[in-house]
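So the sequence shown is numbered by the working numbering: it starts at 16 and just counts up by one.
Positions of the beta carbon are idealized from the N, C-alpha and C atoms, including for glycine.
From a predicted model like this one, the values you see are computed outputs, not experimental measurements.
Take a look at the structure below.
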Amino acid sequence: MEEHSEIVTREVPVTLDATYHDTGDGERTINQYVLKEQIGQGSYATVSRGYDTISHMEVAIKEFRYGESLWHLTRANANHHASFLGSKSKLRRVQMSKSAGLRGTRGGRGRGGLFARPAAPPPEQTQPIDMIREEIAVLKKLRHNNVIRMYEVLDDPAEDSLYMVLEFCAGGILMDISLGKTATPLSTEDARRYFQQLVVGIEYCKYSIHENDIAHRDIKPDNLMTTADGTLKIVDFGVSQIFSKGDDVSKRSAGSPAFFAPEMCVAGHGEMHIKSTDIWAMGVTLYCLVFGKLPFEGNNILDLYENIRTATPEIPESTDPRLADLLRRLMTKDPDQRILMDEIRIHPWVTDDGRAPLVSKQDNLGGGRVRDEVTDEDLAQAIKSISAGGLFTLLKAVSKWKSRSRSLNESPSTNDDISFPESSQSQ
């Protein structure tokens with residue numbers, strides 16, 4: 016495969032005081048960009064198909080509204096935190112059960128159903144504004160053929176909105192799949208080709224930035240899109256996390272529950288190696304691509320967690336032994352025994368016994384060169400586009416967010432179900 020990264024020094028432009036206009040005929044504009052139909056909606060952003068009237072290029076435009084996004088995600092985070100605390104004893108009882116097994120369900124859709132929504136962290140750990148800031152900071156640094164490209168960031172203080180102009184993926188999501196719902200499996204050739212691109216894209220994120228590692232934290236078919244020519248793009252870095260080089264330990268859970276690693280499915284779990292949880296999610300994703308269904312299901316969230324922790328995914332006897340081996344190693348319950356990225360890239364199924372080798376790691380990371388680290392200044396400047404008026408609005412929203420967060424967290428929970436915010440869609 017020929018995909019590899021490119022080292023680019025050009026900064027992503029950040030435009031202050033962008034001008035928003037409603038044309039009155041169903042279309043809107045922000046500077047030179049025409050916003051057309053909405054193609055995605057998440058917990059704190061909407062995504063519309065757009066058109067750049069200067070470059071005559073189709074784009075995707077991700078729109079954040081300061082006040083709305085902060086309060087919406089705060090309520091969802093607080094509900095999840097309170098409900099999860101209330102469910103700890105119940106979860107422990109389920110974990111002790113010897114009778115749990117794989118059970119079918121008619122769950123919600125992958126982009127809106129209960130099980131496939133990202134389990135956002137408790138409010139005291141990550142604020143929505145931090146998620147927005149980190150996503151922008153990360154995308155400004157990353158430049159790889161298999162990572163969604165960000166062209167520009169625009170601030171519109173008059174409308175209290177921030178816009179990310181992104182690469183448009185005409186092919187849509189790689190596979191629409193959810194609990195209880197099947198999809199048409201990909202051919203072996205297509206599954207291998209897309210998985211190879213996923214591997215080099217995630218490898219680039221993990222190793223290409225000097226002094227930093229980046230974990231995506233929400234790998235799933237829903238966050239893999241394709242361009243018109245069939246190139247895979249990793250999208251939605253909304254819950255991604257930046258680590259110091261070699262230190263990927265975190266207590267924070269993030270991502271979509273059906274793609275959680277076993278170590279994440281324990282009430283009050285301690286520190287985890289996040290790179291290893293990403294590798295597990297890659298295994299669940301590959302299973303979806305080749306079998307057209309999820310490997311673990313459940314009648315409710317606790318059943319799902321129990322099955323992820325204890326059940327063995329079904330792999331038909333007719334499966335290519337090389338593929339079966341790779342899936343088992345990707346979805347090894349013990350994170351210390353799980354396959355490593357360097358082992359994935361040379362696995363016999365991935366390379367088809369050497370007939371389809373991946374681009375070398377050196378070339379994939381930019382010919383041995385590394386990108387600049389994501390510094391505190393990068394994070395601070397990620398939303399420098401917020402001008403004086405926009406900043407005032409943002410500060411008020413953050414203050415209101417913190418106040419409501421404290422109020423929600425101090426209220427006792429009477430709901431024993433776990434609630435998750437909507438899955439954010441990059442594009």
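Query: Give a yes or no on whether the C-beta atoms belonging to I234 and D293 are separated by under 7 Å.; Result: yes
Query: Using the C-alpha atoms, what's the distance from S63 back to W86?; Result: Caution is warranted here: a pLDDT of 45 is assigned to W86, below 50, making its placement in the model unreliable, and the coordinate value is therefore given only provisionally. If you take the alpha carbons of W86 and S63, they lie about 22 Å apart.
Query: Skipping 5 residues on each side, what residues in its chain have a beta carbon closer than 7 Å to that of F252?; Result: E150, V153, L154 and H231
Query: Classify S233 as helix, strand or coil using the three-state DSSP reduction.; Result: Reading the sequence as shown, one finds Asp at residue 233 and not Ser. In this structure, D233 counts as coil in the three-state DSSP scheme.
Query: Taking the alpha-carbon positions, what's the F274 to E358 distance?; Result: 21 Å
Query: Could you check whether P277 and I323 sit closer than 7 Å to each other, using their CB atoms as the reference points?; Result: yes
Query: In three-state DSSP terms, what is G65?; Result: strand
Query: Of all the beta strand (DSSP E) runs that stay within the bounds of the region 271-319, which reach a length of 3 or more residues?; Result: none
Query: Thinking just about the alpha-carbon of each residue, which of Y59, D32 and E73 is nearest to the one in E52?; Result: E73
Query: Can you grab the Cα-Cα spacing for the pair E167 / N46, in whole Å?; Result: 11 Å
Query: Contact between the region 194-201 and the region 282-291 is defined here as three or more beta-carbon pairs at a separation below 8 Å; is this criterion met?; Result: no
Query: My assumption, with CB atoms under 8 Å, is that C220 sits in contact with V162. Please give the rounded CB distance.; Result: 7 Å
Query: Going straight from the alpha carbon of E204 to that of E312, what length do you get?; Result: 27 Å
Query: Just tell me which of H159, I354 and P28 has its CA closest to the CA of D378.; Result: H159
Query: Roughly how many whole angstroms lie between the Cα atoms of R353 and L177?; Result: 40 Å
Query: Suppose you measure from the CA of L338 to the CA of Q211; what does that come to, to the nearest Å?; Result: 13 Å
Query: Please report how far the alpha carbon of T44 lies from the alpha carbon of G186, in whole angstroms.; Result: 24 Å
Query: For L301, which residues from the same chain have a beta carbon less than 6 Å from its beta carbon, with the 5 sequence-adjacent residues on both sides left out?; Result: F210
Query: Under 7 Å Cβ to Cβ from F79, same chain only, skipping five residues before and after it: list those, please.; Result: Y59, A60, I147, S176 and L177
Query: Count the other CB atoms, across all protein chains shown, that sit within 10 Å of the CB of S271; report buried if there are 16 or more and exposed otherwise.; Result: buried
Query: Going by the beta-carbon positions, is the gap between C303 and P236 smaller than 7 Å?; Result: yes
Query: Confirm the yes/no value for this check: CB of N46, any heavy atom of the ligand HEM, distance under 6 Å.; Result: Among the components of this structure there are no ligands whatsoever, and the ligand HEM is therefore not found.
Query: Within 10 angstroms of the Cβ of L409, are there 16 or more other Cβ atoms? Answer buried if so, exposed if not.; Result: Confidence at L409 is low in this model, with a pLDDT of 48, below 50, so the placement of that residue should be treated as unreliable; the coordinate-derived value is given next. It counts as buried.
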